[in-house]
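Chemist: Before anything else, here's the structure in question.
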Amino acid sequence: MRITVRFFAILKDRAGVDSTRLELTDGSRISDAMKLLETQFASIKPQLARAAVAINRNYEKTDSILQDGDELALLPPVSGG
Amino acid sequence: MAADWIEILATPLDVTAAAKFVSHPSAGGIDLFLGTTRSEKSADGRELIALDYEAYAEMAKSQLGALAQRARQRWPIVQIAILHRIGRVAVGEPSVIVAVSTPHRAEAFEACRFVIDELKKDVAIWKKEIWSDGSGTWVNAG
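Chains D and B, in that order, are what the protein sequence lines are.
Numbering of the first sequence is given in numbering that gives the first Met the number 0, commencing with residue 0 and proceeding in unit increments.
Numbering of the second sequence is given in numbering that gives the first Met the number 0, commencing with residue 0 and proceeding in unit increments.
Following this line, the structure appears as structure tokens:
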């Protein structure tokens, strides 16, 4: 399956791109996608550890299973307001 | 009663428009909160000139809509507007407006405070401090 990954704020700066696509085996969890991202974007490793994750614009836990076509967003600690 | 006014905007926020939006004959109190960029000086003498805001706009907008609904469940809100700016916000300018109208003032104060406090907890928005030497630092990024 293929998913879209979106980076925000410091993660976007460190990754150098605002999005990427990942090819994963069916049944993969968010944590599997994050491991793959760490190898593709070594520069984001420290921030990835502190990031929250959202699938299709809703917060999820990292053991949630991904579906084909999902939009996985990596969200550093928020600071709005 | 009109729908809530929830928006992520790349243009300066219009305080008068927000106050007007929540004005209503059945509301006896309007509470208007503005969050503004505060001037700061770093330890090594640099001045803060602005904050750069970034949002995951689609998610943030839906979170703000849900937050307005949570506030409506707790207080008799007549009208509510939550507006957040993205892009560069200079010192003194507002980055966020929460406007709430209710029949009586106590509810307006409480609901407005609830919304801004909750907004800061988990809505997908980030700010970067922009300093006089041109450098930038993400707030809370570790």
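Just so you know, even glycine gets a beta-carbon here, dropped at the ideal spot from N, CA and C.
1. Leaving out the 5 sequence neighbours to the left and right, which residues in its chain are closer than 7 Å to Thr-19(D) when beta-carbon positions are compared?
2. Could you tell me how far apart the beta carbons of Val-99(B) and Ile-76(B) are, in whole angstroms, since I believe they sit closer than 8 Å?
3. Can you pull the chain B neighbours of Leu-74(D), defined as C-beta to C-beta under 8 Å?
4. Beta-carbon separation of Gly-86(B) and Gly-80(D) under 8 Å?
5. Answer yes if the stretch 8-20 of chain B comes into contact with the stretch 35-43 of chain D, meaning at least three C-beta pairs across the two stretches below 8 Å, and no otherwise.
6. Does DSSP put Thr-15(B) in a helix, in a strand, or in coil?
7. Taking all protein chains shown into account, decide if Ala-42(B) is buried (16 or more other Cβ within 10 angstroms of its Cβ) or exposed.
8. What in chain B is Cβ-close to Arg-56(D), meaning under 8 Å?
9. Indicate the three-state DSSP secondary structure (helix, strand or coil) for Gly-64(B) in the structure shown.
10. Which residues in chain B sit within 7 Å of Ile-9(D), going by Cβ to Cβ distance?
11. Say whether chain B places a C-beta atom closer than 8 Å to the C-beta of Gly-26(D).
12. Output yes if chain B places a C-beta closer than 8 Å to the C-beta of Gly-79(D); else output no.
13. Have a look at Pro-76(D) and Ala-123(B) and give me their C-alpha separation to the nearest angstrom.
14. Using C-beta distances below 7 Å, list every residue in its chain close to Met-33(D), excluding the 5 sequence neighbours before and after it, in chain order.
15. Within its chain, find whatever has a CB closer than 6 Å to the CB of Met-0(D); leave out the 5 residues flanking it on each side and keep chain order.
16. Relative to the alpha-carbon of Leu-118(B), which residue among Ser-94(B), Ala-2(B), Leu-47(B) has its alpha-carbon at the smallest distance?
17. Can you tell me the Cα-Cα spacing of Ala-50(D) and Leu-74(D), whole angstroms?
18. With a threshold of 8 Å between beta carbons, is Ala-53(D) in contact with chain B?
19. Under the three-state reduction of DSSP, which class applies to Lys-11(D): helix, strand or coil?
20. Hey, does Ile-29(B) have any beta-carbon neighbour from chain D nearer than 8 Å?
21. Taking 8 Å as the threshold (C-beta atoms), are Ala-80(B) and Trp-4(B) in contact?
22. According to the neighbour-count rule (16 or more other Cβ atoms, all chains shown, within 10 Å of its Cβ), is Ser-78(D) buried or exposed?
23. Can the beta-carbon of Ile-29(D) be found closer than 8 Å to that of Ser-63(D)?
Modeler: According to the structure data:
1. Val-4
2. 6 Å
3. Tyr-55, Ala-123
4. no
5. no
6. helix
7. exposed
8. Tyr-55, Glu-57, Met-58, Ser-61
9. helix
10. Trp-137, Ala-140
11. no
12. yes
13. 9 Å
14. Leu-47, Thr-61
15. Leu-23, Asp-25, Asp-67
16. Ser-94(B)
17. 5 Å
18. yes
19. helix
20. no
21. yes
22. buried
23. yes
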